[in-house]
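Chemist: Read in order, the letters of the sequence shown are residues 12 to 302 in this note's numbering.
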Amino acid sequence: MSASFEKYQKRKLISSYFSVVLSIALVLFLLGLLGMLILNAKKVSDHFKEQVVVTIYLKDTAKEVETKQLEKSLALADYVKSTDYVTKEQAAASMKAENGEDFMEFLGYNPLQNSIDVHLKADYVTAAHLEEIAKEATNKNFVDEVRYDNDLVTLMNNNVKKISFWVLILSGIFTLIAVLLINSSIRLAVYAKRFTIKTMQMVGATKRFIRKPFVFKSVQLGIIGAIIALIGMAVVLYYLNLTFPELDLMRNPILIGALFAAVFILGIIITWISTFFATQRFLNLKTDQLY
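(1) For residue 123, I'd like the list of residues in its chain whose CB is within less than 7 angstroms of its CB, leaving aside the five on either flank, ordered along the chain.
(2) Roughly how many whole angstroms lie between the Cα atoms of residue 221 and residue 207?
(3) Pick out the complete alpha helix (DSSP H) segments inside the stretch 52-129, 4 residues or longer, and give them in chain order.
(4) In angstroms with no decimal places, state the Cα-to-Cα distance between residue 158 and residue 184.
(5) Report all residues from its chain with a CB closer than 7 angstroms to the CB of residue 36; omit the five preceding and five following residues, and keep chain order.
(6) Can you look up residue 131 in the DSSP assignment and give me helix, strand or coil?
(7) Do you know offhand how far residue 16's Cα is from residue 223's?
(8) My understanding is that residue 153 touches residue 77, with C-beta atoms under 8 angstroms, so please give their C-beta distance in whole angstroms.
(9) Per the DSSP calculation, residue 147 is bridged to which residue(s)?
(10) Excluding the 5 residues flanking residue 273 on each side, which residues of the same chain have their C-beta closer than 8 angstroms to its C-beta?
(11) With a Cβ-Cβ cutoff of 8 angstroms, do residue 197 and residue 86 count as a contact?
(12) Less than 8 angstroms separating the beta-carbons of residue 244 and residue 44?
(13) Measure from the alpha carbon of residue 271 to the alpha carbon of each residue in 40, 129, 30 and 32, then state which is nearest.
(14) If I measure Cβ to Cβ from residue 234 and keep anything under 8 angstroms in the same chain, skipping five residues before and after, which residues do I get?
This is the structure we're talking about:
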């Protein structure tokens, strides 16, 4: 009978430890993903901003030397990431591929213009900068017009500001929830041993002596949970880097390493603090209050 009870208690203890480790791992994993989102939020927004194209259409009378000079000046400009010269023939072939019809057969000529597609650096993709760049380009007598989607740029910048604000708010809320969830799991594990704590206290053990093994065990569980969370984060990061290579998520390994270290340390700190206060609570209770 005694052996059967001991096995039951052992299984219950293992189950309790497993639930604590799982809770810590899941919470830290989600917290780590949120950290990766925050670290890469600007990179992602910059990537989408740099997809905005400013197209400079050239007059048919534009000389080759003028076009080359404009391309060179744009390539050297601080606000330009890349340029691409598109001939009217290339534009016609691209349109034919998109629509599946050769419009020149109906018109008998190519009405399109030679153009230069300009991709700007993310910091310069604002309505004010785009207007200034367009005005500077149209001042040249061989430039016919400059086109870009101003409404899209305005919408994108407004959304980036809104998303950044809410991500910060959610980060604070989620961090608080993470601490409360881990704290709850630790308290349940300590609650299961409240009678052991009180028995040790009654035979003369000091609070520090009683608290020490609980804190040590919880920190061990926190480390295991953090390691599992870090493995999950590494897998997700590797997959995202393969799926979206243009984002170059691994470009700053020091920052990523700091995030992983922060998650690991956070797992230890939260479990240590939670266990300290949980054991302290039961140490301060009277015997009749344990039931």
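Glycine included, C-beta positions come from ideal geometry on N, C-alpha and C. Since the structure is predicted, the reported quantities are computational estimates derived from the model, not experimental observations.
Modeler: Quick answer:
(1) For the purposes of this step, residue 123 is identified with residue 112 of the sequence shown, where counting begins at 1. These residues qualify, in order along the chain: 99, 102 and 103.
(2) In the sequence shown, counting from the first residue as 1, residue 221 sits at position 210. In the sequence shown, counting from the first residue as 1, residue 207 sits at position 196. Within the model, the alpha-carbon separation for residue 221 versus residue 207 is close to 9 angstroms.
(3) Counting only runs of at least 4 residues, the stretch 52-129 fully encloses the following alpha helix (DSSP H) elements, listed from N- to C-terminal order: 75-87, 99-110 and 115-118.
(4) In the sequence shown, the residue the question calls residue 158 occupies position 147. In the sequence shown, the residue the question calls residue 184 occupies position 173. If you take the alpha carbons of residue 158 and residue 184, they lie about 43 angstroms apart.
(5) By 1-based counting over the sequence shown, the position of residue 36 is 25. Excluding its 5 nearest sequence neighbours in each direction, residue 36 has C-beta neighbours in its own chain below 7 angstroms: 236, 239 and 240, listed in chain order.
(6) Translated into the one-based positions of the sequence shown, residue 131 becomes position 120. Looking at residue 131 - three-state DSSP - the assignment turns out to be strand.
(7) As a first step, residue 16 must be located in the sequence shown, where it is residue number 5. As a first step, residue 223 must be located in the sequence shown, where it is residue number 212. Residue confidence for residue 16 is low, a pLDDT of 42 falling below 50, so the modelled location carries little weight and cannot support an answer.
(8) Counting from 1 along the sequence shown, the entry for residue 153 is found at position 142. Counting from 1 along the sequence shown, the entry for residue 77 is found at position 66. Taking the Cβ atoms as the reference, residue 153 lies roughly 5 angstroms from residue 77, within the contact range of under 8 angstroms.
(9) Taking the first residue of the sequence shown as 1, we reach residue 147 at position 136. The bridge partners DSSP lists for residue 147 come to none.
(10) Mapped onto the sequence shown, residue 273 falls at position 262. A distance below 8 angstroms between beta-carbons, with the five flanking residues on each side excluded, links residue 273 to the following residues of its chain, in chain order: 46.
(11) Translated into positions along the sequence shown, residue 197 becomes position 186. Translated into positions along the sequence shown, residue 86 becomes position 75. No.
(12) Within the sequence shown, the letter at position 233 stands for residue 244. Within the sequence shown, the letter at position 33 stands for residue 44. At a Cβ-Cβ threshold of 8 angstroms, residue 244 and residue 44 count as neighbours.
(13) Indexing the sequence shown from 1 puts residue 271 at position 260. That would be 40, whose Cα lies nearest to the Cα of residue 271.
(14) On the sequence shown, position 223 is the one that residue 234 refers to. Beyond the five residues adjoining it in sequence on each side, residue 234 comes within less than 8 angstroms, by CB distance, of 275, 278 and 279 in the same chain, given in chain order.
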